[in-house]
Amino acid sequence: MSLPPDYLERVYAGVLGKIIGVYLGRPVENWRYQEIVEKVGEIHSYLSPCWGKPIVVTDDDIAGTFTFLRAIEDYDYDPAITSAQIGQTWLNYIIENLTILWWGGLYHSTEHTAYLNLKRGIAAPKSGSIELNGPVIANQIGAQIYIDGWAMIAPGNPRLAADFAERAARVSHDDEAINAARLIAAMESLAFVEKDIDHLLDSGLLFIPPKSLISKLAQDVRRWVAQDGNWRETYRRISENYGYKKYIGGCHIIPNHALFLLGLLYGRGDFSQSLSVTCSCGWDTDCNAGNLGCLLGIRNGLSAFDGQIDWRGPVADRLFLPTADGGRAITDALTEALHVVNIGRALEHLPPISPKEGAHFHFCMPGSVQGFRAENARLSNPLGEGLEVHFTPARPDVWSRASTATFILPEDLQLTGNYPLLASPALYPGQKVVALVTANPANVCTLEVGLFLRFYNALDQPELLAGDLAPLPPGEEVELFWTIPELNGCPIFEIGLQARVPAGQALPAHPTSIRITLDRLGWDGCPRVEFRRPQRPDSKYPEIWRRAWVQAVDHWENRFHHAFRIIQDRGRGMIITGTRSWRDYTTSSVITSALFERGGIAVRVQGLERFYALELIRGGKVRLSKYRDGEHILAEMPFDWEIWHPYRLTLTAAGPRLQAWVENTLFFDEIDSDRPLLEGGIALTVFEGHLATHAIRVDGLIH
Numbered sequence: 201m202s203l204p205p206d207y208l209e210r211v212y213a214g215v216l217g218k219i220i221g222v223y224l225g226r227p228v229e230n231w232r233y234q235e236i237v238e239k240v241g242e243i244h245s246y247l248s249p250c251w252g253k254p255i256v257v258t259d260d261d262i263a264g265t266f267t268f269l270r271a272i273e274d275y276d277y278d279p280a281i282t283s284a285q286i287g288q289t290w291l292n293y294i295i296e297n298l299t300i301l302w303w304g305g306l307y308h309s310t311e312h313t314a315y316l317n318l319k320r321g322i323a324a325p326k327s328g329s330i331e332l333n334g335p336v337i338a339n340q341i342g343a344q345i346y347i348d349g350w351a352m353i354a355p356g357n358p359r360l361a362a363d364f365a366e367r368a369a370r371v372s373h374d375d376e377a378i379n380a381a382r383l384i385a386a387m388e389s390l391a392f393v394e395k396d397i398d399h400l401l402d403s404g405l406l407f408i409p410p411k412s413l414i415s416k417l418a419q420d421v422r423r424w425v426a427q428d429g430n431w432r433e434t435y436r437r438i439s440e441n442y443g444y445k446k447y448i449g450g451c452h453i454i455p456n457h458a459l460f461l462l463g464l465l466y467g468r469g470d471f472s473q474s475l476s477v478t479c480s481c482g483w484d485t486d487c488n489a490g491n492l493g494c495l496l497g498i499r500n501g502l503s504a505f506d507g508q509i510d511w512r513g514p515v516a517d518r519l520f521l522p523t524a525d526g527g528r529a530i531t532d533a534l535t536e537a538l539h540v541v542n543i544g545r546a547l548e549h550l551p552p553i554s555p556k557e558g559a560h561f562h563f564c565m566p567g568s569v570q571g572f573r574a575e576n577a578r579l580s581n582p583l584g585e586g587l588e589v590h591f592t593p594a595r596p597d598v599w600s601r602a603s604t605a606t607f608i609l610p611e612d613l614q615l616t617g618n619y620p621l622l623a624s625p626a627l628y629p630g631q632k633v634v635a636l637v638t639a640n641p642a643n644v645c646t647l648e649v650g651l652f653l654r655f656y657n658a659l660d661q662p663e664l665l666a667g668d669l670a671p672l673p674p675g676e677e678v679e680l681f682w683t684i685p686e687l688n689g690c691p692i693f694e695i696g697l698q699a700r701v702p703a704g705q706a707l708p709a710h711p712t713s714i715r716i717t718l719d720r721l722g723w724d725g726c727p728r729v730e731f732r733r734p735q736r737p738d739s740k741y742p743e744i745w746r747r748a749w750v751q752a753v754d755h756w757e758n759r760f761h762h763a764f765r766i767i768q769d770r771g772r773g774m775i776i777t778g779t780r781s782w783r784d785y786t787t788s789s790v791i792t793s794a795l796f797e798r799g800g801i802a803v804r805v806q807g808l809e810r811f812y813a814l815e816l817i818r819g820g821k822v823r824l825s826k827y828r829d830g831e832h833i834l835a836e837m838p839f840d841w842e843i844w845h846p847y848r849l850t851l852t853a854a855g856p857r858l859q860a861w862v863e864n865t866l867f868f869d870e871i872d873s874d875r876p877l878l879e880g881g882i883a884l885t886v887f888e889g890h891l892a893t894h895a896i897r898v899d900g901l902i903h
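Those letters in the sequence shown? Residues 201 to 903, per our numbering, in order.
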């Protein structure tokens, strides 16, 4: 397998196709055809704005697709990755009853059932088997909806894509659901090298049993399409022969796979027409349109989204991945496409690509805005070279801004329901932001430019903070630097660039548009920050600061003297913040226990099952552990600690070396030479009990 020369563009288009399909279908998810006909007509564009709802929402189809694929990274890019390892990835990233899955209950929701099996120690593929869960549960749609990423890491290699998809699907599904996953994955892999729709389907069918129900379904739908020439008539046949009356459950694979094929065959490669047909038929609209959109994005590249409908503008690349790894929750299509591409490259033993020296925002694909939005300006990126900010100031001293989310935006705080938005900020005090900005030579005057951020203050209100300004003459470039100051424990939710014509400069009577280009923006290193409850001027406690911690704990109320008072009723609980960009740092906290089995602090946290922890153990011990596919005790010593007595725990991670102190005494100095965890955020951990602290400090190490 060799990677196609336009691999990144095709993957980026596939990711866009996936999220656009989901956002298009989500408002009518589980509607029936007749209900859509009566209330909407045919679906040709986004419905959410018409109903006063946001287009970009949290969704299981998106979160599962780009989260479960991380198994291949977490298991060292092994092409022989197993279903059991992918199942372990579920346990690492999913927060029970909160993230990714439809939490519909045992033997009602297929994925919830599989998750409970995994938690009971039943490894995949048995966790998703008919033997354990029965044929109805095992044959629902989830096997199909989460597999697009596995195809995109195997471009032009349909057998590998189908095998990856099967191993991933067997965590939760079995039987015909596996065949549907294999077929779509094979077709998506082939779409990197083949455009003919009939050939894609013929070739994909080679990777499932010819006598399977999915194969028969595909042949029937293809024959009906040829006979009918009208998608509504073919839908009628599908409903009669393969509909929900025959195939029961929440969202059975057979009816929904048929609608995926219906849109594919009637659309003949046209993105808009294909998704319109599939969504207008109803049933599991976001799942079906998500798979179809991904396939057509891969097949057509970015030209898939050309035409009268503005598919990309309202989305602005934005997507959410709420998991236990909260620092990656607020993300964008180009960032996720790069993750996918670099997995594909690793499987081919190629180095990762990192545009513009690894900047977070590099805009390296045409049309990409990476979640940026404008104030008093217009954004464009026609060539994939940088984000162009166009503005026509009505008077001097008026700011034009372009900014993107680093945490939950004010308008997204209310995203709740089945899939609440859990996230940690991507940017913290002590980190150094760098941006490269150029001015159009045709600009009429020298500008003032600078960086700015917005954060939630102690009153839970958005507040703007600006860095230093620099002059930017026409045709020149400037590099901006800003070390983010301490913010009293308040989370940053937005970072961006601002520019203006300085006061005192005269504008022409009819000023033309002024243009600057944000070539890149990013930050590096670990923060220097103390996490604590922000102090309000009144006696009330702020609330939003706690949203910066991913909460995988039974109880954390905001009405006690200790800012962090967490209680876990069963098993291990954690609250987590930080990102995978944190590598070498020290964290410390003065913790107090009413009583627990164990509890303390953690570093290099990459989810619920991957981290290092320094914990006090009931029975008079202190322990340094590595959690990676279970607990591995690195060191342990007696320590006669007392309940309700505060103890300062300090844990330093530098490369594979871990040093741990209790109070001012160095207890452990260990080298982890067995696949060490080298990056990740921080956490407080408690196992069956109660832990409290006022603050947690992080200090990046200076090399």
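Think of the CB as a built atom: it goes at the ideal place given N, C-alpha and C, for glycine as much as any other residue.
query                                                                                                     : result
Ile498 - DSSP class collapsed to helix/strand/coil                                                        : helix
Val215 and Glu536 closer than 8 Å at C-beta                                                               : yes
Distance between Ala626 and Val633 (C-alpha atoms, nearest Å)                                             : 12 Å
Cβ-Cβ separation, Gly880 to Phe811 (assumed contact under 8 Å), whole Å                                   : 7 Å
C-alpha distance - Ile845 paired with Glu815, whole-angstrom precision                                    : The sequence shown places His at residue 845, rather than the Ile named in the question. Approximately 15 Å between the Cα atoms of the pair.
Among Leu834, Glu797, Gly356 and Lys218, the one whose alpha carbon lies nearest that of Gly544           : Gly356
Burial state of Asp486 (16 or more Cβ within 10 Å)                                                        : buried
Cβ-Cβ distance between Thr299 and Leu622 below 8 Å                                                        : yes
Burial state of Asp517, where buried means 16 or more other Cβ atoms lie within 10 Å                      : buried
Proximity test, Cβ basis, 8 Å: Asn379 and chain E                                                         : The structure shown contains no chain E; it is built from a single protein chain.
Spatially closest choice to Asn297 from Tyr847, Ile286, Asp899 and Glu311, by CA coordinates              : Glu311
C-alpha distance - Phe591 paired with Val222, whole-angstrom precision                                    : 33 Å
Residue span of the beta strand (DSSP E) that contains Asp899, given as start and end                     : Ala895 to Gly900
Between the CA atoms of Phe887 and Arg770 - distance to the nearest angstrom                              : 7 Å
Close beta carbons around Pro555, own chain, < 6 Å, minus the five adjacent residues each side            : His562 and Cys564
Range of the contiguous beta strand (DSSP E) that encloses His590                                         : Leu587 to Phe591
As assigned by DSSP and simplified to three states, the class of Thr712                                   : coil
Alpha helix (DSSP H) segment containing Val753, residue limits                                            : Per DSSP, Val753 belongs to no alpha helix (DSSP H) and is neither H nor E.
The stretch 369-383 contacting the stretch 341-349, beta-carbon criterion three pairs below 8 Å           : yes
Reduced DSSP secondary structure (H/G/I, E/B, other) of Arg468                                            : coil
Beta-carbon proximity list for Thr523, same chain, < 6 Å, skipping 5 on both sides                        : Thr267, Tyr293 and Thr299
Contact check, Leu672 vs Ile716, beta carbons under 8 Å                                                   : yes
Residue burial classification, Lys958 (beta-carbon count within 10 angstroms, cutoff 16)                  : Beyond the ends of the chain as shown, which are 201 and 903, falls residue 958; an answer cannot be given.
Validate contact between the stretch 667-682 and the stretch 635-646 using beta carbons, cut 8 Å, 3 pairs : yes
Close Cβ partners of Trp424 (< 7 Å) along its chain, the five nearest in sequence each way excluded       : Thr434 and Arg437
Spatially closest choice to Asp484 from Ala458, Leu208, Asp470 and Arg468, by CA coordinates              : Ala458
Residues near Leu400 by beta carbon distance below 7 Å, same chain, minus five either side                : Met387, Leu390, Ala391 and Glu394
Stretch-stretch touch, CB-based, cutoff 8 Å, three pairs: the stretch 847-862 with the stretch 775-793    : yes
Residues that Tyr785 bridges to, as DSSP identifies them                                                  : Ala853 and Gly900
Inter-residue CB distance, Gln508 and Trp599 (contact presumed, cutoff 8 Å)                               : Rounded, the Cβ-Cβ distance is 34 Å, inconsistent with contact.
Enclosing alpha helix (DSSP H) for Glu557 [first to last residue]                                         : Pro555 to Gly558
Residue closest to Ser793, alpha-carbon to alpha-carbon, out of Thr779, Asp719, Lys740 and Leu884         : Leu884
Nearest residue (CA-CA) to Gly469, options Glu235, Gly493 and Arg823                                      : Gly493
Spatial distance of Ala748 from Pro708 (CA atoms)                                                         : 46 Å
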